[in-house]
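Residue numbers (the UniProt record's numbering): 1 to 484.
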């Protein structure tokens, strides 16, 4: 006799309902958010590591970036596919794969805790090195001040206007960087030669790997794309795990709903392509500036003076105005990145904790558990217990607690030990590269197991996901073997 879980596993998941997809001109407002995702990907991978790659290898590793662009589009589209079809976040899906043990959630949760600490500390250190050039005071003081200021805004919930302002300045930075790159490149021949796969003679995996890990936000960006799809309601509003329908694989009753979801998936995929294409253009522009302005002088940005080297990217062309523009843009754009990271990681960690704690919530009489959106202390909890359960059952309080500890307090402590943004972010890039294959293969298996055949990925998409996993896994193994 089949168990209830076994019967459930033989069926596929689909959201209970989905609105009619937009048609014609109405689709354009659904494509626009791809540009916002693009701006959120303008972080350390673009501003710091790409000019370093360009200054050391010129265009010889451009082909690596092009490969990552294609693979990143496939990866985020597949994460988005699960969310569009089921209405659930990708973390909910990973939990379904691992059952009560939650092993898949732990594989995501723990590495991202490390990534959060080093990435936020490194980005703040980079912004601090820029402020140190422009104003009196130490890099450490400015880096810590940025983290503290950002976490106050995140915890208070009053940062949306700041986020919009930083996105606007990031957009201005992107425009100026692209225009500058077009201005300084002598011809397109060098770019074309870099598109042909080759390994430079002085190839250093420890130098290159952090860049690969951070291109277009890396593993964290893949995970967050699912939340982004949920928030913007591609395919419909977010569904609780309890609301998702489980249908037989061979059902013919859901053709109309499947047709609508296919349209939503195409819209989401186009939006993802817009974001990746825009982010890719930024990467190529920064590589061009590194190759044309830094490489001839033998300058490879590094150490706590890294921002001083990076200012040459614009001051060489636009003079003093370019210097101040880049300083301002680094501080505000990366400050916005710290804000987004503190909020994004806090939300992801809170969701992971609620998923992992759900079995315990159901068992204890101290917690009233209706569904993951409706959890609160029961009348049987005493005063101290209510305060504890208030913290661990309320998503916002749990998010703030994680943000304060792992996205503020520990990064500040790390900055007292290491102030070099390159050294700190190199650790984050290595973690991102090593973690990406886990996210990729879990997503591949999840979509194969849970989605109806009509909405599941086809052979070519599955093949590309395998290629993506092997690509990042190969880089990670090469890196760790070289460290031995």
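C-beta atoms are modelled at their ideal positions from N, C-alpha and C, and glycine is treated no differently.
Counted within 10 angstroms of its Cβ, other Cβ atoms place residue i as buried (16 or more) or exposed
i           : result
residue 20  : exposed
residue 298 : exposed
residue 199 : exposed
residue 152 : exposed
residue 345 : buried
residue 177 : buried
residue 235 : buried
residue 466 : exposed
residue 351 : buried
residue 250 : Confidence in residue 250 is poor, its pLDDT being 49 and thus under 50, which makes the residue's placement too unreliable to answer from.
residue 476 : buried
residue 282 : buried
residue 12  : buried
residue 486 : Absent from the model: residue 486. The displayed extent of the chain is 1 to 484, so no value can be given.
residue 165 : exposed
residue 343 : buried
residue 15  : buried
residue 94  : buried
residue 256 : exposed
residue 312 : buried
residue 5   : With a pLDDT of 45 at residue 5, under the threshold of 50, the modelled position of this residue cannot be trusted; read the value that follows with caution. Residue 5 is exposed by the Cβ-count criterion.
residue 108 : buried
Proximity below 8 angstroms, CB of residue i to CB of residue j
i           : j           : result
residue 356 : residue 105 : yes
residue 205 : residue 479 : yes
residue 115 : residue 432 : yes
residue 155 : residue 400 : yes
residue 75  : residue 223 : no
residue 436 : residue 218 : yes
residue 393 : residue 375 : yes
residue 191 : residue 72  : no
residue 225 : residue 79  : yes
residue 314 : residue 303 : no
residue 408 : residue 110 : no
residue 543 : residue 378 : Outside the displayed span of the chain (1 to 484) sits residue 543, for which this structure offers no information.
residue 419 : residue 238 : no
residue 488 : residue 445 : For residue 488 there is no data in the structure shown, the boundaries of the chain being 1 and 484.
residue 157 : residue 41  : no
residue 424 : residue 143 : no
residue 310 : residue 326 : yes
residue 84  : residue 209 : no
residue 228 : residue 37  : yes
residue 211 : residue 70  : no
residue 137 : residue 421 : no
residue 280 : residue 77  : no
residue 288 : residue 181 : yes
residue 359 : residue 100 : yes
Residue i: CB within 7 angstroms of a non-hydrogen atom of the ligand ADP
i           : result
residue 354 : For the ligand ADP, the structure offers nothing, since it holds no ligand at all.
Rounded distance between the beta-carbons of residue j and residue i, thought under 8 angstroms
i           : j           : result
residue 213 : residue 469 : Actually they do not touch by this definition, with Cβ atoms about 14 angstroms apart.
residue 51  : residue 286 : 5 angstroms
residue 271 : residue 34  : 4 angstroms
residue 300 : residue 55  : 5 angstroms
residue 454 : residue 258 : 5 angstroms
residue 59  : residue 193 : 6 angstroms
residue 406 : residue 113 : 6 angstroms
residue 27  : residue 404 : Between residue 404 and residue 27 the Cβ distance is about 40 angstroms, and since that is not below 8 angstroms, they are no contact.
Residue range of the unbroken beta strand (DSSP E) whose run includes residue i
i           : result
residue 292 : Element bounds for residue 292: n/a, residue is neither H nor E.
residue 12  : 12–14
Residue range of the unbroken alpha helix (DSSP H) whose run includes residue i
i           : result
residue 405 : Careful: residue 405 lies outside any alpha helix (DSSP H) and carries neither H nor E.
residue 341 : 320–363
residue 94  : 90–98
residue 56  : 50–57
residue 25  : Run containing residue 25: none; DSSP gives neither H nor E here.
residue 139 : 139–156
residue 462 : 459–483
residue 420 : No alpha helix (DSSP H) holds residue 420; DSSP gives it neither H nor E.
residue 232 : Segment: none, residue 232 is in no alpha helix (DSSP H) and carries neither H nor E.
residue 111 : 103–134
residue 309 : 306–310
residue 206 : 205–214
residue 455 : From DSSP, residue 455 is part of no alpha helix (DSSP H); its letter is neither H nor E.
residue 80  : 62–86
residue 190 : 189–194
| said: Check whether the stretch 446–456 and the stretch 130–142 are in contact - that is, three or more C-beta pairs closer than 8 angstroms. | reply: Taking 8 angstroms as the limit for Cβ pairs, the verdict is that the stretch 130–142 does not touch the stretch 446–456.
| request: Give a yes or no on contact between the stretch 84–96 and the stretch 273–287, applying the rule of three or more CB pairs nearer than 8 angstroms. | output: No, because fewer than three Cβ pairs between the stretch 84–96 and the stretch 273–287 fall closer than 8 angstroms, the two stretches do not touch.
| request: Examine the Cβ distances between the stretch 285–299 and the stretch 176–194 and report whether three or more of them are shorter than 8 angstroms. | output: The answer is yes - the stretch 176–194 touches the stretch 285–299, with three or more Cβ pairs under 8 angstroms.
| field | Meets three-Cβ-pair contact criterion under 8 angstroms: the stretch 164–172 and the stretch 324–343 | value | With the cut-off at 8 angstroms, the stretch 164–172 and the stretch 324–343 touch.
| Given 8 angstroms, three or more beta-carbon pairs between the stretch 400–414 and the stretch 50–67 | Verdict: no, contact absent.
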